[in-house]
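Trainee:
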Amino acid sequence: MPTGAERSVRVLSVSSAAMPMMGGQPALEPVAIEGDESLSSLFRYTVTLTTPEQAGYNERQAANVAIKQLVGETLTVHVLLDGRPGAGPEQRHISGLVTRVRFLRLENRRALYEAVIEPWLTLATRTSDYRIFQHKSVTDIVSEVLGEYDFVHELKVARSYPAREFQVQYGESDFDFVSRLLHEWGLYYYFEHSQASHKLVVVDEMVAHQPYAHAGYEKIPFHGADDTVREEHCDRFNACETLQSGRWVTDDFDFTRPKARLQQVSAMPRKTSQSGMERYGWPGDYTVESEGEQLVRTRMEEVGSQGERASGSGNLRAVVPGCLLTLERHPQNESNRQYLVTGAHLWVQDIGDASAQQPFECRVDFEVIPSSKVFRAPAPAAQRPRTTGPQTAIVTGPAGREIWTDAYGRVKLSFHWNRYCTKDENSSCWVRVSSPWAGTNFGGIQIPRIGQEVIVDFENGDPDRPIVTGRVYNADNMPPWDLPANATQSGLLTRSSEGASDANANALRFEDKKGAEQLWLHAERNQDIEVEKDETHWVGNDRTKTIDHDETVHVKHDRTETVDHDETITVHNNRTETVDGNETITVHKNRTETVDLDERITVHKNRTETVDLNETIGIGMNRTETVGMNETIDIGDNRVVTIGGNKAETVALAKAETIGLAKALTIGLGYQVSVGAAMNTTVGLMQTEQVGRSKRVDVRNSFDITAGDEFSITVGKSTLVMKSDGTITFNGHTFNVGTSGEQYFNADGHITSKANKIQEN
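Take the sequence shown: its letters are residues 1478 to 2238, numbered as in the working numbering.
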């Protein structure tokens, strides 16, 4: 091919919709371009521009081209290609956004300028954001982020990628975030340039790449540096073999399957000595084995793809990263095969016009990988972001709910940095909550509620793995007790849910103020206390227990209650006491029992009542005592019965009364004894009966009086004495015997009548 002064046709040209114009013509034309472009990186080309000599600008005009209008606009450099003989001229296009432009110097009445062009993706380096992506795959996220830019991108992926529960762009630029995700999953990108634009293409397999489209570049010949050839060719090509690790191991932990073995291994040792070295990465950033397998294979492919590379140089204007080329005529037979261009440094200097006499120069240094291998881009320069310490967030959930959690007690959060947060059940992934104690169905748990501020940290500093480590108060959620007035108080105060007010809560509060120490326990509704074995309560002073409704105490074994001083029990309504077995009540001193209305005592079997000294029973009105069978009253000494009114005593069958010594019966007014059949009174020694005025005995049938020795009746001065020997003596003042019938006096002996005077009629 023609070189240097032999070439008369300009190779470089430039176009841009924002190109400054002077005199109706473009004010600038290219004289050189130099830059680097490689897979999964931002290309950067420096274009040297000059004012055209034929335009006839004076130095002032040439030095004052309005170059600022180029900044941020698309500029395309067109490189003329020789191509295949007979195929006609073609062009390679290098299109990008002008990110910098500057005036260099005046030279021979012309002005030199320099413009830097970069891909539109460079705009993504000039942003930063915090945002959350949920349940989306890497391709979903990349498409969403890149879709926010008004430029073209295309995903040509062969693999499928899992949806990830939670991915965070944490203060990163869009570029760093996308680059990180692509690298993690083994995707990479390149740019396809066209006449007025360029397109970003994301790929993951070698099949996505094609040979350069221009004729004459299907195969690249190799010629040594000493060869004199006219065609574009490669004059240096060095294949390189390097020692690489051959095994990658990764692992992680899934709290939903704590005992699951998640370790994944990928082994791809190259056919070299010492290729079995192992690399271990943790955490692997997965909880699903299939995801771990894909990630560890990607890491192994990344390491393996660095083992066989090649670099070359030549005057090749059409060596473009992302395209395939085939090398031929290389003395090393194994080098003559197809390669993927992974990077290239291009330098082209165009011929000058007549006054400049600048020769044409072109040089390309490139790097390739055999197309039979797998390419994986190296890790981007920007490392995965790490959090620098705890932060706070607000608990969120569905509208109208106060608590929103799952089986693990996790919550959803609104991070302060998330300006896109919906502040509902979709604000974040489920976030685990630290507990003071967590065991197998035991431990402590307090679920943060919607609207509360919590302290959040991140496992291994990874923004994708938040965990709640604590809670804090703020102006919307103040402490349960006024501070600092109650600074000596500590404890817990809950809030009833849902729809409760400040008055609805369970509470445990400690007051540590000296002299006013207190433990306050409050149950808003029910309180259930379970003691598996013993319970001991000690109250140093008084105890007051108030139950607004019912109380049930169930003691399944024994109960002992000791009151060292007084006990007062007040029952305002009824009281029922049931003892299934025996009851013993011991009162060592006095006992007073008062029943304002009625008292009923029922003893289904026997009852024994023992009073060591005295017993006094006072009944204000009536008393009824019913004994179903027998009643025995045993009085060791005396018994006094006083009845203020009447006494009626009914014995259905018989009554036996035995008095060991004496019985005194005093009746204030009347005394009546009614015996339905017979009445028998037996007095062992003597019986005395005194009647204050009169006594009447009415015997309907017969009346028998039997005296063993003597029977005596005395009425004033009159006496009747009857003795056991048959002597009957009447004494009195006057003796009248009157009969309505006859009178008979019979005597076995004499009848003697003796008086001062005896009259007979």
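Built from N, CA and C at the ideal position, the CB exists for glycine as well.
Which stretch, first to last residue, makes up the alpha helix (DSSP H) that contains HIS1670?
Mentor: Careful: HIS1670 lies outside any alpha helix (DSSP H), inside the beta strand (DSSP E) at 1665-1670.
Trainee: So if DSSP puts ALA1592 in a beta bridge, which residue, or which two residues, is it bridged to?
Mentor: VAL1524 and VAL1578
Trainee: Since I believe VAL1578 is in contact with LEU1558 (beta carbons under 8 Å), could you give me their beta-carbon distance rounded to a whole number of angstroms?
Mentor: Not confirmed; about 27 Å, so no contact.
Trainee: Around the Cβ of PRO1566, are there at least 16 other Cβ atoms within 10 angstroms (buried) or fewer (exposed)?
Mentor: exposed
Trainee: Apply the 10 Å Cβ neighbour rule to MET2106 and answer buried if 16 or more other Cβ atoms are within range, or exposed otherwise.
Mentor: exposed
Trainee: Cα-Cα, which of ASP1606, GLU1649, ALA1601 and GLN1646 is closest to TYR2239?
Mentor: Residue 2239 lies beyond the range of the chain shown here (1478 to 2238); nothing can be said about it.
Trainee: Is the segment 1927-1943 touching the segment 1859-1876, taking contact as three or more C-beta pairs under 8 Å?
Mentor: yes
Trainee: Can you give the beta carbon distance from THR1523 to VAL1593, rounded, assuming they're within the 8 Å contact cut?
Mentor: 5 Å
Trainee: Going by beta carbon distance, what residues of the same chain come within less than 7 Å of ALA2000, once the five residues before and after it are set aside?
Mentor: ASN1983
Trainee: Assess, as a yes-or-no matter, whether the segment 1916-1930 is touched by the segment 1948-1957 under the definition of 3 or more beta carbon pairs within less than 8 Å.
Mentor: yes
Trainee: Taking the alpha-carbon positions, what's the GLN2038 to GLU2012 distance?
Mentor: Checking the displayed sequence, the identity of residue 2038 turns out to be Glu instead of Gln. Approximately 14 Å, taken between the alpha carbons.
Trainee: Could you check if GLU2102 is buried or exposed, using at least 16 other CB atoms within 10 Å of its CB as the buried criterion?
Mentor: exposed
Trainee: Cα separation between ALA1831 and GLN1531?
Mentor: Bear in mind that a pLDDT of 49 at ALA1831, under 50, signals an unreliable position, so the number given afterwards is only what the model happens to contain. Rounded to whole angstroms, ALA1831 to GLN1531 spans 10 Å at the Cα level.
Trainee: If you reduce the DSSP assignment to three classes, tell me which class SER1750 lands in.
Mentor: coil
Trainee: Is there contact here, the segment 1962-1976 with the segment 1789-1808, by at least three beta-carbon pairs under 8 Å?
Mentor: no
Trainee: I need the straight-line Cα distance from ASP2035 to GLY1916, nearest angstrom please.
Mentor: Their backbone Cα atoms lie some 36 Å apart in a straight line.
Trainee: Spatial neighbours of GLY1701 within its chain, please: CB distance less than 8 Å, with the 5 preceding and 5 following residues excluded, ordered by chain position.
Mentor: ASP1712
Trainee: Grab me the residues of LYS1900's own chain with a C-beta within less than 6 Å of its C-beta, minus the 5 sequence neighbours each way, in chain order.
Mentor: THR1873 and SER1891
Trainee: For the beta strand (DSSP E) holding MET2199, just list the boundary residues, first then last.
Mentor: 2195-2200
Trainee: Relative to the alpha-carbon of LEU1598, which residue among SER1572, ASN1585, LYS2082 and ALA2129 has its alpha-carbon at the smallest distance?
Mentor: SER1572
Trainee: Rounding to the nearest angstrom, what Cα-Cα distance links ALA1494 and GLN1672 in this structure?
Mentor: 12 Å
Trainee: From this set, LEU1772, THR2071, ARG2077 and LEU1632, which residue's C-alpha is nearest GLU2054's C-alpha?
Mentor: ARG2077
Trainee: To the nearest angstrom, how far is it from the Cα of PHE1643 to the Cα of SER1905?
Mentor: Their backbone Cα atoms lie some 8 Å apart in a straight line.
Trainee: Is the number of C-beta pairs between the segment 1508-1524 and the segment 1656-1670 that are closer than 8 Å three or more?
Mentor: The segment 1508-1524 vs the segment 1656-1670: in contact.
Trainee: Considering only C-alpha positions, which residue in the set LEU2074, ASP2043 and GLU2044 is nearest to ASN2051?
Mentor: LEU2074
Trainee: Using only the alpha-carbon positions, how far apart do GLU1844 and THR1527 sit?
Mentor: 31 Å
Trainee: Looking at the structure shown, is GLN1741 part of a helix, part of a strand, or coil, going by DSSP?
Mentor: strand
Trainee: Check for me: the alpha helix (DSSP H) holding LEU1658 runs from which residue to which?
Mentor: 1651-1662
Trainee: Opposite LYS1613 in the DSSP bridges: which residues?
Mentor: ARG1641
Trainee: Roughly how many angstroms separate the alpha carbons of VAL2118 and ASP2027, rounded to a whole number?
Mentor: 44 Å
Trainee: Taking C-beta to C-beta, are LEU1801 and HIS1686 nearer than 7 Å?
Mentor: yes
Trainee: First and last residue of the beta strand (DSSP E) that includes GLU1805?
Mentor: 1801-1805
Trainee: Using only the alpha-carbon positions, how far apart do GLY1920 and THR1946 sit?
Mentor: 16 Å
Trainee: Under DSSP, the beta strand (DSSP E) around SER1490 begins and ends at which residues?
Mentor: 1489-1492
Trainee: Identify every residue that forms a DSSP beta bridge with GLY1968.
Mentor: ARG1986
Trainee: Alpha carbon to alpha carbon, how far is GLN1995 from LEU1969? Give it in angstroms, no decimals.
Mentor: Approximately 14 Å between the Cα atoms of the pair.
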